[in-house]
Amino acid sequence: MRSEANVASSDCRGLSCCAENVVIVVGELIANAARHALEPESCDGGAATAWLGLVRRQQAVICAVADTSPCAPEPQWPGDLSESGRGLRIVEAVSSSWGCTPPQRSGKMVWARVLAAPDL
780 MRSEANVASS DCRGLSCCAE NVVIVVGELI ANAARHALEP ESCDGGAATA WLGLVRRQQA
840 VICAVADTSP CAPEPQWPGD LSESGRGLRI VEAVSSSWGC TPPQRSGKMV WARVLAAPDL
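Numbering of the sequence shown is given in the numbering used here, commencing with residue 780 and proceeding in unit increments.
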């Protein structure tokens, strides 16, 4: 997953203070897809698949991960000693906005918008 996140950061050329947050967001979105959507039993016997997309729009990068799970993501409030459950809260903290397309039988797309100031 780290290599996908590092490739994602290269799309931040010309935007300052963006690459690190893009890497964080991409890593969390991919980890969520891998954990919750790519399990064999959740894919109705078909091939487990996820797609990563990055789009640069003016002073932001949109990070999106589509997967075959029909379940919408739900931010959790894990206990202090929990080892998981913080991913969407992290995405929420480092992005300006995030969301999910309406889930369908074929899956959904989770996205986050990472803002940056232009490089001078």
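Note that CB positions come from ideal geometry on N, CA and C, so glycine has one too.
Assign residue i to one of three DSSP states: helix, strand, or coil.
i: leucine 894; result: strand
i: arginine 865; result: coil
i: isoleucine 860; result: One point to set straight first is that residue 860 is leucine, not isoleucine, in the sequence displayed. The answer is coil: DSSP assigns leucine 860 none of H, G, I, E or B.
i: arginine 814; result: helix
i: alanine 851; result: coil
Along the chain, where does the beta strand (DSSP E) that runs through residue i open and close?
i: glycine 806; result: From DSSP, glycine 806 is part of no beta strand (DSSP E) but of the alpha helix (DSSP H) over 798-811.
i: serine 874; result: Serine 874 -> no beta strand (DSSP E), and no H or E assigned at all.
i: alanine 839; result: 839-846
i: alanine 829; result: 829-836
Given a cut-off of 8 Å on the beta-carbon distance, is the pair residue i and residue j in contact?
i: valine 873; j: leucine 808; result: no
i: glycine 878; j: aspartate 846; result: no
i: alanine 895; j: glutamine 838; result: yes
i: valine 889; j: valine 834; result: no
i: proline 857; j: serine 863; result: yes
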